[in-house]
Structure formats: structure tokens, C-alpha cells
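Protein chains in written order, with my numbering: chain A, 149 to 397; chain B, 286 to 388.
C-beta atoms are modelled at their ideal positions from N, C-alpha and C, and glycine is treated no differently.
Only one structure is covered here, and it is reproduced in the block below.
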Amino acid sequence: MEEISYIVAILTGAFYLIASQRLLRLSWRTGQRPELWLGITFAGTGQWFVIYNLPYFFGLVELPTQIENWVEWTYALGVIPYLLFIRVVFRPKSSWAAALTGVAALFLLAGAGLAGLHGQFLNDVNSPAYVLEFIGYTIPCVWMSIESYLSHASAKKRVRMGLCSPIVANRFLLFAGFGSCQSVACLIDLLWAWGRGVAGADSAYLVGLLAATECTSIVFLWLAFFPPRFYRRWIDNLSELDAAEKDLS
Amino acid sequence: MASALFDIAAERLEESTDMDRLAVRGTLRLALKQAGLDVDNLGVAQLRAVFEKLMPKELEARGVSNAAAICRAAMNDVESAASTADLAVADSPDEIFKRLGGS
Chain A
149 MEEISYIVAI LTGAFYLIAS QRLLRLSWRT GQRPELWLGI TFAGTGQWFV
199 IYNLPYFFGL VELPTQIENW VEWTYALGVI PYLLFIRVVF RPKSSWAAAL
249 TGVAALFLLA GAGLAGLHGQ FLNDVNSPAY VLEFIGYTIP CVWMSIESYL
299 SHASAKKRVR MGLCSPIVAN RFLLFAGFGS CQSVACLIDL LWAWGRGVAG
349 ADSAYLVGLL AATECTSIVF LWLAFFPPRF YRRWIDNLSE LDAAEKDLS
Chain B
286 MASALFDIAA ERLEESTDMD RLAVRGTLRL ALKQAGLDVD NLGVAQLRAV
336 FEKLMPKELE ARGVSNAAAI CRAAMNDVES AASTADLAVA DSPDEIFKRL
386 GGS
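Encoded structure:
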């Protein structure tokens, strides 16, 4: 089970790095910030998955604490651009969204700062640094999920008006799915940390569940960033059927 | 806060119908909501689609006669009255998500 979870984690990390490279190149070309924010976040997440899991997969010695801390720090702070992405895309003029972004960023900075003072990142519910960081990275996951579901609902109406393409409307749904999977992953992570801190044991089931949510997340992102031709055709056909049904009713 | 384009469109409709300010703005908001559009970030193409496809029916339902012609004239006025700044819209979620997937 452990070997499989390492392979899944490394492949997940590789996908994040590929998507990140594409987003950063896009940002370089367009000069726009949303792709830059998401590209930085994916780079942080990707390096975490790869660097953290590669030595374990090859059965090498554990990562030196300094490298582990560096990877954890960049992962935690890489969530801040994700918050900026959600805010800029969905609520650019909203003051509550600005406040939520600030609060979540503070949680992440405080968590990473405390872990830095402590000299180590602990995946344990008894560690205040873990709890702060957990809140900091759960907020954007849940937020992304809610905003994308809402955007998908309104995009479906725009599709009927001819103001939005079906594949873009579907991309909102895919991001909603991604956000939901990440929210579930946060919950599993909490259960895992609780298991370690309270019961003092790792759970193989939780490792398996976490790998499953990551795999599903990657499927959503793959369809969103690299939609294959058959998928595009399927979405277009669904949209045409929907329009035909509306015309008949 | 509503976009400048929304304000101009509501003013033109108010001038061309017997409806008061509140009724016009409410009707326009309802039509935009039906179309899945955001009042704060409204583009001219989006407004034109609403004026062609939804507003005539909404106005007729509120007792306005010759609603299609009124909407056409109001939209023409909006396009000529709106400055370049009014017509410029911020990067919409649709545009951003279109770029992310390369289409």
C-alpha cells in the first residue's frame, strides 16, 4: 500500500509541475496574474509531492530536516497565491473576499512561522503550527469549490444565451470537483494528524483514501487543462442536446 | 456597485418607457440574472444579447408595448453613449478559464 501511495504522490507531483510550467508560460505570454498565481501554487504543490516522496519510494534515508522544512515551507506559502487566484477570478471587487484572503494568508504565515520557530513541521493535531496551517489551506480548497460550483451554474445560463462556450462552463465544474477533492483531502489529512497525535498511529486506509482523492483531483485538472478531443466533442454534444430539449419544452 | 454600462442602459430604458427608475433597474437585473450575467462586470456583447433575447419579453410582461423596438433603440443609444472606459470590462472568470484550458 505504501509503495502505491508513493507512486501516486510522485505522479501527482509531476502533473502539478507540468501544469505549473504551462501556466507560468501562459502568464509570461499574456502578462496576466491569475495564471501566474495558479502556476506558483502548482509549482509549490508539485515540488512538495515529488521531493517529499521520491526518497521514500526508493527506500533511501529520510530527508534531512532542513530540506523537509524547506519543502513544507514552500508548500504552505505556495497556498497564498492560490487564495489570490480565487479572489482575483471570482470576487475581484468584494471586500469580504479580500478579508478572507488576508485571514487565510495570516493563518498560513503564522503556521509556517511557528513551525520555523519550533524547527520542525509536525503533522500532529497537538501542534498549534499544524492547526493554523490546516485552517489556512482548507479555506481556499472549500472556497474554490463553492465559487466554481456557483460559476458553473451561471455559466450554464450563458451557454444557452450563446455567451459562453460549453467547454468553459464545464471547466468551472471540473475546478469545483478539484476543490471538493482537495477539501476531502484536507479532512483526511486532519484525521491522519489526529490519528498520529491522539492514537499514535498511521492508518493505511487514510493513506489509500488520500491517494484516491489525489488521483481524482488530477483527472479533474487533466480534463480542465488538457481536454482531449473526445471529451470536447462529448461536452459539445451534451450542450447541443440540452439546447434541443429546451427548444422542445 | 453596478457597472457604468448597466447604469446607461437603465437610464435609456427609463427614458423610453413609462416605468420608473426602480422598476427599470429591477427588470434589467432580473434579465441579467436569467442570462447568468454579473451586473458588476458587464460587457457590451453580453448586454446586447440580453436586449435582443430577454428584455423584450420582460418589458412586454410589464405592459410595455413595442418592446423589441425600444430595446433595439436603447441598445444603439447605449453603444454610442458609452465611452471606451465604460465598454472596457475587467478580465471575466469566463475569459480566465478559457485561457487556462487553451481555448
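Query: Counting C-beta neighbours from all protein chains within 10 Å, is the total for N318 (chain A) 16 or more, i.e. buried, or is it exposed?; Result: buried
Query: Taking DSSP as the reference, what is the three-state secondary structure of N217 (chain A)?; Result: helix
Query: Distance check for A333 (chain A) and N217 (chain A), CA to CA, integer angstroms please.; Result: 21 Å
Query: Under three-state DSSP, which class holds E210 (chain A)?; Result: coil
Query: At a cut of 8 Å, does the stretch 336-343 of chain A reach the stretch 312-322 of chain B through at least three beta carbon pairs?; Result: no
Query: Can you pull the chain A neighbours of D292 (chain B), defined as C-beta to C-beta under 7 Å?; Result: Within chain A, no residue comes near D292 (chain B); the closest Cβ sits about 16 Å away, beyond 7 Å.
Query: How long is the line joining the alpha carbons of L339 (chain B) and F382 (chain B), rounded to whole angstroms?; Result: 26 Å
Query: Tell me, please, whether the CB atom of L404 (chain A) is closer than 8 Å to any CB atom in chain B?; Result: For residue 404 (chain A) there is no data in the structure shown, the boundaries of chain A being 149 and 397.
Query: When you compare the CB of G311 (chain B) with every CB in chain A, is at least one pair closer than 8 Å?; Result: no
Query: Among A:P203, A:A391, A:E220, A:T222, which one has its Cα closest to the Cα of G310 (chain A)?; Result: A:A391
Query: For L184 (chain A), decide whether its Cβ has a neighbour in chain B, counting only Cβ atoms nearer than 8 Å.; Result: no
Query: Please work out which residues of its chain come closer than 7 Å, Cβ to Cβ, to Q319 (chain B), disregarding the five sequence neighbours upstream and downstream, and give them in chain order.; Result: L339
Query: Using the Cβ count rule (16 or more neighbours within 10 Å means buried), how would you classify P376 (chain A)?; Result: exposed
Query: For the stretch 157-190 of chain A, enumerate the residues whose C-beta is nearer than 7 Å to any C-beta of chain B, in chain order.; Result: L174, T178, Q180, P182, E183
Query: Determine the closest residue to L205 (chain A) out of A:Y285, A:E151, A:R381, A:P314, with distance taken between C-alpha atoms.; Result: Position check: residue 205 (chain A) holds Phe in this sequence, whereas Leu was assumed. Here the closest residue by C-alpha is A:E151.
Query: On a Cα-Cα basis, can you pick out the residue from A:A352, A:K394, A:R235, A:Q195 that is closest to M292 (chain A)?; Result: A:R235
Query: Given a cut-off of 8 Å, decide if A224 (chain A) and V198 (chain A) are closer than it, judged by their beta-carbon atoms.; Result: no
Query: In chain B, which residues lie with their C-beta within 9 Å of the C-beta of A303 (chain A)?; Result: G321, P378, D379, F382
Query: Under the three-state reduction of DSSP, which class applies to T302 (chain B): helix, strand or coil?; Result: coil
Query: Exposed or buried, P212 (chain A), counting other C-beta atoms within 10 Å across all chains shown (16 or more means buried)?; Result: exposed
Query: Taking 8 Å as the cut-off, decide whether the C-beta atoms of V219 (chain A) and Y200 (chain A) are in contact.; Result: yes
Query: Among residues of its own chain, excluding the 5 on either side of L386 (chain A), which ones have a beta-carbon nearer than 8 Å to its beta-carbon?; Result: P314
Query: Evaluate contact between the stretch 281-290 of chain A and the stretch 247-259 of chain A, counting only Cβ atoms and requiring at least three cross-stretch pairs below 8 Å.; Result: yes
Query: I want to see whether chain B comes within less than 8 Å of F238 (chain A), judged by CB atoms only; does it?; Result: yes
Query: Run the CB neighbour count on C289 (chain A), radius 10 Å, all protein chains shown included, and call it buried at 16 or more, exposed below.; Result: buried
Query: I'd like the span of the alpha helix (DSSP H) that includes K338 (chain B), first residue to last.; Result: 329-338
Query: Below 8 Å between beta carbons: does that hold for P182 (chain A) and V237 (chain A)?; Result: yes
Query: The alpha helix (DSSP H) that contains K304 (chain A), what's its start and end?; Result: 276-309
Query: L270 (chain A) by DSSP, collapsed to three states: which one?; Result: coil
Query: Quick check on A246 (chain A) - is its C-beta less than 8 Å from some C-beta in chain B?; Result: no
Query: For L232 (chain A), name the three-state secondary structure that DSSP assigns.; Result: helix
Query: So, is the C-beta of D206 (chain A) closer than 8 Å to a C-beta in chain B?; Result: Note that residue 206 (chain A) is Phe in the sequence shown, not Asp. It does not: the Cβ of F206 (chain A) has no partner Cβ on chain B nearer than 8 Å.
Query: Would R306 (chain A) pass as an interface residue toward chain B - the criterion being a Cβ-Cβ separation below 8 Å?; Result: yes
Query: Could you pull the start and end residues of the alpha helix (DSSP H) that D376 (chain B) belongs to?; Result: It is not in any alpha helix (DSSP H) - D376 (chain B) carries neither H nor E in the DSSP assignment.
Query: Can you give the Cα-Cα distance for L385 (chain B) and A372 (chain A), rounded to whole angstroms?; Result: 8 Å
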